[in-house]
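Single-structure report; data block below.
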Amino acid sequence: MKVLLDNNFPLPFRHELKTCEVETAAYRGWEALSDDELLRQAEAAFSVLVTLDTNLADQQNVSSHEIGIVVLDTRPIILPNLKRYAGMVESMVWTAAANSEAIRISDRTSDPIVAPIGR
Numbered sequence: 011m012k013v014l015l016d017n018n019f020p021l022p023f024r025h026e027l028k029t030c031e032v033e034t035a036a037y038r039g040w041e042a043l044s045d046d047e048l049l050r051q052a053e054a055a056f057s058v059l060v061t062l063d064t065n066l067a068d069q070q071n072v073s074s075h076e077i078g079i080v081v082l083d084t085r086p087i088i089l090p091n092l093k094r095y096a097g098m099v100e101s102m103v104w105t106a107a108a109n110s111e112a113i114r115i116s117d118r119t120s121d122p123i124v125a126p127i128g129r
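First residue of the sequence shown? That's 11 in the numbering used here, and the numbers climb one at a time after it.
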């Protein structure tokens, strides 16, 4: 499974998705791309985009892109906190890829919520 990790993740998080082939947008030189252009480039080479951009589905027509999207909505955005969700993110990557689905994982409640978004 080829996964693109968005620029907003700390680079070491790529090692947390152990069953996936993970590249970062920074490695690809895609730091300056707009969200729409990033989605277009990503769908050509990856099965899933994993991002911390909680506004992505509101600002982009994600249904027009043939790529799975996993949005992790958590704070603070520091590696120790993000690692807590690595297993859930990895599981949702496979779900999102199966149907080019957009999924949000949110810790805004006492138990993390997984829900479809933007489609």
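Don't be surprised by glycine CBs; every beta carbon is placed ideally from N, CA and C.
It is roughly 16 Å from the alpha-carbon of ALA112 to the alpha-carbon of LYS12. Taken through DSSP and simplified to helix, strand or coil, GLU111 comes out as coil. Sixteen is the threshold: when 16 or more other Cβ atoms of the shown chains lie within 10 Å of the Cβ of ASP16, as they do, the residue is buried. Spatial neighbours of LYS28 in its own chain (CB-CB distance under 8 Å, excluding positions within 5 residues in sequence) are listed in chain order as GLU100. By the C-beta criterion, the region 90-109 is judged to be in contact with the region 58-77, since at least 3 inter-stretch pairs fall below 8 Å.
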